[in-house]
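> Residue numbering for the sequence shown follows the working numbering, starting at 3 and increasing by one per position.
Beta carbons are placed, not taken as given, at the ideal position from N, Cα and C, and that holds for glycine.
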Amino acid sequence: SFCFLWCGESHLEQGRELLKRWGFRRVEDICWVKTNRAAKLDPRGRVKQGTVMYGDTSVLQRVKEQCIVGVKGTLKRSVDTHFIHANCDVDLIMEEEKEFGSTQKPNELYETIEHFCLGRRRLELFGLDRNLRDGWLTLG
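1) Could you tell me whether the region 104 to 111 touches the region 19 to 37, where touching means 3 or more Cβ pairs closer than 8 Å?
2) Would you list the residues sitting across from threonine 140 in a DSSP beta bridge?
3) Considering only DSSP beta bridges, list what isoleucine 95 is partnered with.
4) Relative to the alpha-carbon of leucine 120, which residue among Leu20, Glu67, Gly137 has its alpha-carbon at the smallest distance?
5) Taking the DSSP output, what are the residues bridged to valine 29?
6) Expressed to the nearest angstrom, what Euclidean distance is found between the alpha-carbon atoms of glutamate 67 and lysine 100?
7) Given this structure, state the Cα-to-Cα distance separating leucine 125 from arginine 46, to the nearest angstrom.
8) Just the Cα atoms here: how many angstroms apart are cysteine 9 and valine 81?
9) Using CA atoms only, rank isn't needed, just tell me which of Phe6, Gln16, Glu11 is closest to glutamate 30.
10) Classify glycine 72 as buried or exposed, calling it buried when 16 or more other Cβ atoms lie within 10 Å of its own Cβ.
11) Rounding to the nearest angstrom, what Cα-Cα distance links glutamate 11 and leucine 134 in this structure?
12) Taking all protein chains shown into account, decide if threonine 114 is buried (16 or more other Cβ within 10 angstroms of its Cβ) or exposed.
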């Protein structure tokens, strides 16, 4: 089985430790770079405070999130074709954030997970009504 866990940059180590405690082995990180074209600019062309994310200890604006991919057990592409689709090789997603502060994740990641786990059950924890997708159980 697979686990796809979203972590902000400042919580990557905690996310990796959590996967380990749940019995998953980290096999990949998928990075979402938010293009933030909708960020509001001041008259000088600088991003206005409060329209982008800054972490508690961050000096730079937060424009990326990491999705840590964990696996339980041993999977091989040659044998486990129902789980691992050979045409899934994305580890970088560049997409606009839906709206400032939104928890909605990029559609490309959902599609990657769906291709990775063909015809299998998929669960999204802490999902919202706007995140509902066919083939997923969303709990929020």
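According to the structure data:
1) yes
2) Glu126
3) Trp34
4) Gly137
5) None, per the DSSP bridge assignment.
6) 14 Å
7) 45 Å
8) 31 Å
9) Phe6
10) It counts as buried.
11) 26 Å
12) buried
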